[in-house]
Every structure is written in C-alpha cells, then in structure tokens.
Amino acid sequence: MLDRTPTGPNAPSETQQESSSVDVLALGHVLTGIGAENDPPIRLEDIHVIRHSFNPGNHEGLQGPEDLTLERVLSYTRRQSISPQRFPANPPRYWVILVADGKKRSRLFGTFENGGEIEELRDDVYRTFDLRPSGFLAPLVDRLVIEWNSPRNWHRKGGSAAKLPVLEIADRDKVPFPGFERVRLTHGELQDMVEDARYADWRAALREVQGIYLITDSTNGKQYVGKADGAERILGRWTTYARDGHGGNVALRELAFDSTGADPIKTDHARHFIFSLLRVFGPSTSMSEVNAAESHYKRALLTREFGLNRG
C-alpha cells in the first residue's frame, strides 16, 4: 500500500499528525464513559485490569476454554502473590478481567468488586481477596476486545491500561457464550447454534472440548446421557442432533419416528428436547476418563433404569 502522506512545505506538522489519531477508541474511553454512569462514578484510579491466558501445563491456572466459568475464574483471580513487586499491596475496588483471545487480542470476561484482603487466608506465598461479581461493564462482556500490547505484563493500573486500543465491540445481536455450566438449548436453538453467525462464540468454545451432555425430553422428564470424545468434540456431536433430531441413539430415534405404519414417518418430537452439559474435558483428556464420567452420570441419574439410555 502506498504512503500518501504529503511531504515538503505542505506536510502536516507532528502536532497535526498526532491530533489525527486522537479519534482511535481506547480502553480508557470505555472505562471512563461507563464509569461516569455509576453513582458514585468509577474512575480510572478505582480500576485494575488483569489479563489471563491459558497455560495447559499449570494445574493451578486456567488450562483452556473449559476453565472459563465464573467460579473457576473467580477462584483463580482472588489468589495473588504476597509480593508487592508482583501485585499491588492495596489493589483498587474494581478488577476488570480480560482473557487472551489470540496473539495480542484480549476479550472482556467480566468485572469483580474487591472487598479487600481476607487476612486469615494469607500464607507465605499468597494473599486471598474477597472478590464478588460486579455489573460494571456487564453490557460489554464477551463483546469488548482490546489489544494487549505486552503479554508479559499481565496486569495494569487503570491509568496505564487506558491507552490500550479497542479492536472490537461485537454487535449486540451476537449471542454471547454463557459458559459451559450454563449451556441450555432447545432443539430449535441447537439448529441455530450450529449454523447461525450470531452463535460464533458458542461454536468456538464447543469445538474445543470433549464432554458429557444431557438431553431431557420436556414432555415427560426422561433423560439421555451421552458423550463426545476424541476429534468429534461437543460441537461435532451436537451438529448431528441438530440435523436429524436423534443422533443415531436408539431410544431418541424411536421418539423421532412414528413406526406404527409400514414405513417410519419422521415426527418433530425433537422440538421437546433440551440440551445441556454435565461436564467438559480438554482436548487432551483420555478416552477412558471420558468413558468413566459417562458411566458415572448414567448411574447417578438412573438413565438406564428410568431414562432414555439403553446401554
């Protein structure tokens, strides 16, 4: 691409060039704009910004998308180093949590309100803070993406983070992924999820995990426990259900077809199915561990005796 910036006596001054970049939206504009709507206003000095990234080899950290639950992120975030060189001795009230979203992209996970250190939980290595979910920035959760230009610096004061450029604020029509533990879809919604662009975040999350899922027939409460393992992942398995309503499962297939005549007649009974997740596993989890979890849930929920599992 050619550089069309004028040179010579008609070239803009350095001051003019700098002023032309002022219109770039930065995180500070978002924080102060929404912060001003609160009573009392939330200022940059009231904010600390933290960026989490996945570390599959660290069992104390966030290993993958399956760990992006409110409970897990809160538990991980509330424990910080006792060293003031590694984390502020007196961090501010609002902690804005971002999660690495590829290269320098970081997506807003949510905001926690800091009630202070729980001193009785302090040890020689960590302090534990009384963190609770906050509604600050709630309309932008999963929508706001910023450029975190130095991944090694994983937390910043609000004033420092204010300069980070905003890369994206996704359309409000986009359906945000609620977290694995809150997934609940009717069959019609499942069909939308596997095809509709508004569910892109759902597909991105579900194609990364193996897991145990639950299908409930809302007409009688009967349940089916299934698994998605290996390369198929949750998204692949559920795509099959979206297409045919039964995924090849014997009992569900019988419900999807009226076999009273000479030829099976497809029905729309799948519209009564509710899809949810019981447990998710990372892509490296062994098949034997997934199988063991599936057997456990079948026993615990009695789906062989009273539900829709035949084996």
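Heads up: the sequence shown is residues 1 to 311, going by the UniProt record's numbering.
C-beta atoms are modelled at their ideal positions from N, C-alpha and C, and glycine is treated no differently.
What you are looking at is a predicted structure, and each value in this text was computed from that prediction instead of being measured.
Scanning its chain for C-beta atoms nearer than 8 angstroms, with the 5 sequence neighbours on each side dropped, one finds around Gly-64 the residues Phe-54, Pro-56, Glu-208, Val-209, Gly-282, Pro-283, in chain order.
With fewer than 16 other CB atoms across the displayed protein chains lying within 10 angstroms of its CB, Gln-85 is exposed.
Within the model, the alpha-carbon separation for Arg-310 versus Ser-276 is close to 20 angstroms. Per DSSP, the unbroken alpha helix (DSSP H) holding Tyr-76 starts and ends at 70-78. Non-local beta-carbon contacts of Glu-305 in its own chain, meaning distances under 6 angstroms to residues more than five positions away in sequence, are absent. Distance from the CA atom of Val-175 to the CA atom of Asp-46, rounded to whole angstroms, is 30 angstroms.
Looking only at Gly-102, Ala-228, Leu-27, the smallest Cα-Cα distance to Val-290 is reached by Ala-228. Closest in C-alpha terms to Lys-163, from the list Gly-307, Tyr-297, Arg-143, Leu-31, comes Leu-31. In the DSSP assignment, Lys-298 falls within the alpha helix (DSSP H) that extends over 287-301. Nearest in C-alpha terms to Met-287, of all of Ile-212, Asn-249, Glu-168, is Ile-212.
Under the DSSP definition of a beta bridge, Glu-117 partners with Phe-129.
Each of Gly-102, Pro-151, Phe-112, Thr-303 was checked against the Cα of Gly-221, and the nearest Cα belongs to Thr-303. Under DSSP, Ile-169 takes part in a beta bridge, and its partners are Leu-144. Residue pairing by DSSP places Lys-227 opposite Ile-212 in a beta bridge. Look at the beta carbons and you see the segment 34-51 touching the segment 85-95: at least three pairs across the two are nearer than 8 angstroms. Beyond the five residues adjoining it in sequence on each side, Tyr-126 comes within less than 8 angstroms, by CB distance, of Arg-79, Gln-80, Ser-81, Ile-82 in the same chain, given in chain order. Going by DSSP, Trp-202 is part of the alpha helix (DSSP H) stretching over 200-206. DSSP places Arg-182 in no beta strand (DSSP E); its state is neither H nor E.
Trp-238 carries a helical assignment under DSSP once its states are collapsed to helix, strand and coil. Taking C-beta atoms under 8 angstroms as the contact rule, Gly-110 and Val-141 qualify, at a distance of about 5 angstroms.
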